[in-house]
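A short write-up of the structure that comes next.
What follows is the structure in structure tokens.
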């Protein structure tokens, strides 16, 4: 027998998937979350007392989020802030963090998270007199692939009141305390395995025990 399940959830985040920016439309993201599951099992009667079941299971869920808001360099060509490292995946404007304000103005995109899983299993049932013996096991190969949401690849300015004593005044004067920019949107690719097995004996001592 077999089974296939496919599901997709699509959402729009006006303030960004992870930003919750109070200025809607700037860091807006479109997010798609697909999920798939495939199960296949084959049961074979090897003899009148021997039964075997082999199975395969594939499962996957993912999150893919892209920037659709206006906070990109293409939408503001008059802002002449060069990138130290070119090739920002979001092409977003540099973030602005002002001490005393809850959320920095910036983008966190794109985001890609993928979790595929492959599992193989086998179960053997053997009837021998008053005993029903069962043996089985599984082996699974798991993965997780996730990027750092663009990180600070567009750049990030921090205004802390270093020059005027007031962080917002520093911002109005363009006097940033720090500027940081990531060279690469780091992606983590994890791989891990799991192995399990069991043995079981159901022993019927008498017809009623």
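Numbering (the numbering used here), first residue to last: 72 to 280. Glycine residues also receive a C-beta, built at the ideal position from the N, C-alpha and C atoms. Note that the structure is predicted; figures quoted are calculated from it, not measured.
- Counting only beta-carbon atoms, is residue 202 nearer than 8 angstroms to chain B? This model lacks chain B altogether; it includes just one protein chain.
- Item | Whole-angstrom distance between residue 278 and residue 200, CA atom to CA atom | 12 angstroms
- Query: Looking at C-beta atoms only, is the number of pairs between the stretch 122-142 and the stretch 169-187 that lie closer than 8 angstroms three or more?
  - Reply: The stretch 122-142 is in contact with the stretch 169-187.
- Determine, using beta carbons only, whether residue 191 and residue 164 come nearer to each other than 8 angstroms. no
- Along the chain, which unbroken stretches of the alpha helix (DSSP H) at least 4 residues long are found entirely within the stretch 119-189? none
- Task: List the residues that DSSP assigns as beta-bridge partners of residue 74.
- Result: 110
- Query: Quick one: Cα of residue 173 to Cα of residue 100, how far?
  - Reply: 20 angstroms
- Going by the beta-carbon positions, is the gap between residue 114 and residue 121 smaller than 8 angstroms? no
- Message: Here's the rule: buried if 16 or more other CB atoms are within 10 angstroms of the residue's CB, otherwise exposed. What is residue 258?
- Response: exposed
- Using 8 angstroms as the threshold, is the stretch 208-217 in touch with the stretch 259-271, meaning 3 or more CB pairs across them? yes
- Query: Going by beta carbon distance, what residues of the same chain come within less than 7 angstroms of residue 169, once the five residues before and after it are set aside?
  - Reply: 230, 238, 239 and 242
- Query: Cβ of residue 332 within 8 angstroms of Cβ of residue 160?
  - Reply: Nothing can be reported for residue 332: it is not among the residues displayed for the chain, which extend from 72 to 280.
- Task: Using the Cα positions of residue 98 and residue 193, report the straight-line distance between them to the nearest angstrom.
- Result: 49 angstroms
- Query: Does DSSP classify residue 238 as helix, strand or coil?
  - Reply: Here DSSP, grouped into helix, strand and coil, assigns residue 238 to helix.
- In the DSSP assignment, find the unbroken beta strand (DSSP E) run with residue 267 in it and report its ends. 258-274
- With residue 251 as the anchor, note down where its beta strand (DSSP E) starts and where it stops. Residue 251 -> beta strand (DSSP E) spans 249-251.
- Query: According to the Cβ coordinates, are residue 166 and residue 228 closer than 8 angstroms?
  - Reply: Inclusion of residue 166 and residue 228 in the CB contact set at 8 angstroms is warranted, their separation being smaller than that value.
- Message: Less than 8 angstroms between C-beta atoms, sequence neighbours within five positions excluded: which residues of the same chain meet that for residue 156?
- Response: 224, 252, 253, 254 and 255
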